[in-house]
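Engineer: Following this message is one structure expressed as structure tokens.
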Amino acid sequence: MLAPRFAVDVIGIAAADAVFVLAPAGVGMLAAAFVLSRTTAGPLADRRRVITGGLVLVSVALGVAAGLPALGRAVGLLGPEGQEIGVMGTAHLGLVGGIMASTLAAGVGFASIVVAAQTLMQERAPIRARGRVFAVQLTMGNLLAVIPLLSIGGLADLVGVNRVLIVLAVSVLLVAVLSRRDWEREDEPVGDSEVASPPSSPGR
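As structure tokens, this is what we get:
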């Protein structure tokens, strides 16, 4: 998990305090799930827009979480990576508060993606095949989740937690762009398929 290392190496707080930085993500997920599950009209009812917006929100949140500590080091607010903050001043509290806000936004975005995607899949899957569709989705999701779990920790050891977060932010944003293009292509009107009838032969 990146959370304890992010708290210790990047922010400079104790690993035990990482829960306070990540707790807003859970709050954001619960709030987004509550709102989206009760929305039947308006922009939030557009599942495709919600998915794309959630991807963008997660990307921005990851970028902010990676960028704020780098900015803090650039202005001399934080020491080198791995150096613990001695006394939490007002500026440090503001920095940690900004990171907590980004985790809140990431939670909202993640829940938006999951809720909208699950709803869209339920709406589009044939009734008779719905059980098989969700079984395959759950199995493939669990299998594919193993890859980042095994690789992200090693990648963080090589290049650093902050760089991993930036790579994740760019990757999620790329997925959002591709998702948007796919929706737009799906919404394009199909051209007329009528075949012009051959001209009638002149009467004899």
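Mapping of the sequence shown onto this note's numbering: residues 14 to 217, in sequence order. The beta carbon of each residue, even a glycine, is placed where N, CA and C say it ideally should be. It should be emphasised that the depicted structure is a prediction, and the values quoted were computed from it without experimental measurement.
Measuring only the C-alpha atoms, how far is alanine 28 from glutamate 136?
Structural biologist: Rounded to the nearest angstrom, the two C-alpha atoms are 43 Å apart.
Engineer: Between which two residues does the alpha helix (DSSP H) carrying threonine 65 extend?
Structural biologist: Threonine 65 -> alpha helix (DSSP H) spans 60-87.
Engineer: For isoleucine 112, does the count of other Cβ atoms within 10 angstroms reach 16, so buried, or fall short, so exposed?
Structural biologist: That one is buried.
Engineer: Helix, strand or coil: how does DSSP classify alanine 16 here?
Structural biologist: The answer is helix: DSSP assigns alanine 16 an H, G or I state.
Engineer: Considering only their Cβ atoms, is the gap separating leucine 187 from alanine 79 smaller than 8 Å?
Structural biologist: Taking 8 Å as the Cβ cut-off, alanine 79 and leucine 187 do not qualify as a contacting pair.
Engineer: If we count Cβ pairs, one from each stretch, closer than 8 Å, do we get three or more for the region 19-28 versus the region 76-94?
Structural biologist: Segments in contact, yes.
Engineer: Could you give the residue range of the alpha helix (DSSP H) that holds proline 93?
Structural biologist: Note, proline 93: premise wrong, no alpha helix (DSSP H); not H, not E.
Engineer: Do three or more CB pairs link the region 64-73 to the region 100-110 at distances below 8 Å?
Structural biologist: Cβ pair count under 8 Å is below three, so no.
Engineer: Measuring only the C-alpha atoms, how far is leucine 108 from alanine 118?
Structural biologist: Roughly 16 Å separates the two Cα atoms.
Engineer: Whole angstroms are fine: how far does the CA of alanine 138 sit from the CA of glycine 144?
Structural biologist: Straight-line Cα distance between these residues: approximately 9 Å.
Engineer: Alpha carbon to alpha carbon, how far is methionine 42 from glutamine 96?
Structural biologist: Between methionine 42 and glutamine 96, the C-alpha separation is close to 31 Å.
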